[in-house]
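> My questions will all concern the structure given below.
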Amino acid sequence: MSKIENIINTYNKIKNNLRFDGEYLNYFASILSTVNKNIINYDKIKYIRRFFSDRTAWHSSFRGTGLYTISIILSFEEDLDEKMEKIIEMEQELVSKNFRESSYLALASYILHKSKDNNVIEKFMDMYDVIHGKSDKITCEEDYPMIALIVYKNISGEILTSKYDDYFSVYKFVEVKSNDITQDMVIASIIFNNGINLNDNMMKEKIEAQYAILYPIFFNKTENTVKMLDIWEGKLEEHVELQLFMNGSFRRFLAMVLILQNNKEISNEDLEMLISLCILNFTKTQETSILSDLV
14 MSKIENIINT
24 YNKIKNNLRF
34 DGEYLNYFAS
44 ILSTVNKNII
54 NYDKIKYIRR
64 FFSDRTAWHS
74 SFRGTGLYTI
84 SIILSFEEDL
94 DEKMEKIIEM
104 EQELVSKNFR
114 ESSYLALASY
124 ILHKSKDNNV
134 IEKFMDMYDV
144 IHGKSDKITC
154 EEDYPMIALI
164 VYKNISGEIL
174 TSKYDDYFSV
184 YKFVEVKSND
194 ITQDMVIASI
204 IFNNGINLND
214 NMMKEKIEAQ
224 YAILYPIFFN
234 KTENTVKMLD
244 IWEGKLEEHV
254 ELQLFMNGSF
264 RRFLAMVLIL
274 QNNKEISNED
284 LEMLISLCIL
294 NFTKTQETSI
304 LSDLV
């Protein structure tokens, strides 16, 4: 069975069991099942969601999309109670430091709990201050997960400071819609790439905000990237099941993910966290669109 067929078959099962999560999160669960090469454990997901709901306030980060997202990620892991307690503690401490409750803070707390550093909260605050100092007008809650990744990957403030401006000035030449997207690409490059590789392939791409963080990683290697992307996107378009839901942007995102799975330079764990953030971005765009239609 091909990866695409596996994703479709898994998705069809998931949407019956997690139908209230919505299409994006159903595909997210299907993608993670493929990345982890493991089946979805619905009992675990229900247990995780109940655990967070029972132990946090109704307005906390662990409601709605934030809860749905991290419950799917955690369902592939063990020793859940200890991990969930730690994630809740992380989130509550960050809220006490005036970070905003949101699905992005839920994901950031999940990422931070994986760090073995005892000063992880302080480092998160320091890295946030560095980024905010560079671009106070665009840095917001949507940046929490990437800043958490900076901490988790042990990127120092010195490296962040020394590279940020140079990377930002280079990525401004790529056709992007806003400085927010440029910043996403800058941070992704600092975390995952040894240098900046602004090749012709990336220059020709239309950068999509929801998964801008994947572009520097995906196009860091110039060999056959566009050809592979077009081939996989073509394969996705052949499946009627995907055409019913996916627009071109999501198909290209999924094609990137399927290719990055075979990239030995990025671990499944890192890819999983990046995919999680992309899905949050897709769901937020969808929610914003629905709200604007209602106004």
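With the working numbering, letter number 257 in the sequence shown gets 270, and the count goes up by one each step, no holes. For every residue, glycine included, the Cβ atom is placed at its ideal position computed from N, Cα and C.
1) Taking contact to mean 3 or more Cβ pairs, one atom from each stretch, closer than 8 Å, check whether the segment 137-150 and the segment 158-173 are in contact.
2) To the nearest angstrom, how far is it from the Cα of E95 to the Cα of N54?
3) Run through the segment 141-178 for me and flag every whole alpha helix (DSSP H) of 4 or more residues, listed as ranges in chain order.
4) Looking only at its own chain, which residues have a Cβ that is under 7 Å from the Cβ of K185, when we skip the five neighbours before and after it?
5) Would you check if the distance between the CB atom of I85 and the CB atom of L118 is smaller than 8 Å?
6) Check whether the segment 240-248 and the segment 266-280 touch, using three or more Cβ-Cβ pairs below 8 Å as the test.
7) Since I believe I101 is in contact with A161 (beta carbons under 8 Å), could you give me their beta-carbon distance rounded to a whole number of angstroms?
8) Which first and last residues belong to the alpha helix (DSSP H) in which R63 is found?
9) Mind checking whether A201 and P158 have CB atoms under 8 Å apart?
10) Check this for me: beta carbons of V108 and K136, under 8 Å apart or not?
11) Closer than 7 Å by C-beta to S128: which residues in its own chain qualify, once you throw out the five before and the five after it? Chain order, please.
12) Note down, in chain order, each residue of its chain lying with its Cβ closer than 6 Å to the Cβ of I83, except the 5 sequence neighbours on either side.
For this structure:
1) yes
2) Here residue 95 refers to the residue found at position 82 when the sequence shown is read from its first residue. Here residue 54 refers to the residue found at position 41 when the sequence shown is read from its first residue. Looking at the two C-alpha atoms, the distance is approximately 19 Å.
3) 157-165
4) By one-based count along the sequence shown, residue 185 stands at place 172. Once the five neighbours on either side are set aside, the close Cβ partners of K185 are T195.
5) Mapped onto the sequence shown, residue 85 falls at position 72. Mapped onto the sequence shown, residue 118 falls at position 105. Their beta carbons are not under 8 Å apart, which means I85 does not touch L118 by this criterion.
6) yes
7) Counted from its first residue, the sequence shown places residue 161 at position 148. Counted from its first residue, the sequence shown places residue 101 at position 88. In fact, because the Cβ distance is near 15 Å, the residues do not count as touching under 8 Å.
8) On the sequence shown, position 50 is the one that residue 63 refers to. Unbroken alpha helix (DSSP H) run through R63: 55-68.
9) Counted from its first residue, the sequence shown places residue 201 at position 188. Counted from its first residue, the sequence shown places residue 158 at position 145. Going by C-beta atoms, A201 is not nearer than 8 Å to P158.
10) On the sequence shown, position 95 is the one that residue 108 refers to. On the sequence shown, position 123 is the one that residue 136 refers to. Against a cut-off of 8 Å, the Cβ pair of K136 and V108 comes out as no contact.
11) Here residue 128 refers to the residue found at position 115 of the sequence shown. Counting only Cβ-Cβ distances below 7 Å, and skipping sequence neighbours, we find V164, Y165.
12) Translated into positions along the sequence shown, residue 83 becomes position 70. The answer, listed in chain order, is A119, Y123.
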